[in-house]
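Undergrad:
Residue numbers (our numbering): 11 to 199.
(1) Return the residue from the list 177, 139, 184, 151 that minimises the CA-CA distance to residue 164.
(2) Do the CB positions of residue 85 and residue 125 come within less than 8 Å of each other?
(3) Smallest Cα separation from residue 185: which of 161, 155, 169?
(4) Helix, strand or coil: how does DSSP classify residue 123 here?
(5) Give me the DSSP bridge partner(s) of residue 134.
(6) Can you list the alpha helix (DSSP H) stretches of 4 or more residues lying completely in the stretch 140 to 191, in chain order?
(7) Could you tell me if residue 134 is buried or exposed, where buried requires 16 or more neighbouring beta carbons within 10 angstroms of its beta carbon?
(8) How many angstroms separate the CA atom of residue 16 from the CA atom of residue 33?
(9) Relative to the alpha-carbon of residue 146, which residue among 53, 181, 23, 160 has its alpha-carbon at the smallest distance?
(10) Using a Cβ cut-off of 8 Å (strictly closer), state whether residue 72 contacts chain B.
(11) Residue 66 to residue 55, Cα distance in whole Å?
(12) Taking Cβ positions, are residue 150 and residue 179 nearer each other than 8 Å?
(13) Among all the DSSP beta bridges, which residues are the ones paired with residue 58?
(14) At which residues does the alpha helix (DSSP H) containing residue 115 begin and terminate?
(15) Among all the DSSP beta bridges, which residues are the ones paired with residue 196?
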């Protein structure tokens, strides 16, 4: 997808207005990053599109807005504000953007740095995966392919809900340890 851009044209508290480039088609709820120069680096300040107008949009900024000024570049991600779910969530305390606070504090100290982001789920921790589907099975959206237990809670790994029709399981991990970034199964239509 081609990156879409805009230019900051107004800021009041945590609400900003962005003038859109001619090719920027946006959706409400989409995430954008305001590029704020800070010493030798550019900090990306996250914001969500609240309202789309003819040639501009209104966004809510999730961090302090000190230093934001007209003329700053805004890059739109094409992705909605969303969270990641899976093993490792239970017992973790998050901020409103699903940054694990303990990891942020360990990395940044008592006061969080602007633009700080941490993966919400530990991609190195291993979990015991138990498959419920097998190679050759026909599956559909929402069908469980396998499970991972976290304490007494069972996380179900499912066929994505946005897929339609029947799909065939081409490969699936056998029972054993996997991390949240591993490919558990491959399916084809």
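For every residue, glycine included, the Cβ atom is placed at its ideal position computed from N, Cα and C.
TA: Once the coordinates are examined:
(1) 139
(2) no
(3) 155
(4) coil
(5) DSSP output for residue 134 lists no bridge partner at all.
(6) none
(7) exposed
(8) 10 Å
(9) 181
(10) Of the chains in the structure shown, none is chain B; there is only one protein chain.
(11) 18 Å
(12) no
(13) 41, 70
(14) 111 to 118
(15) 181
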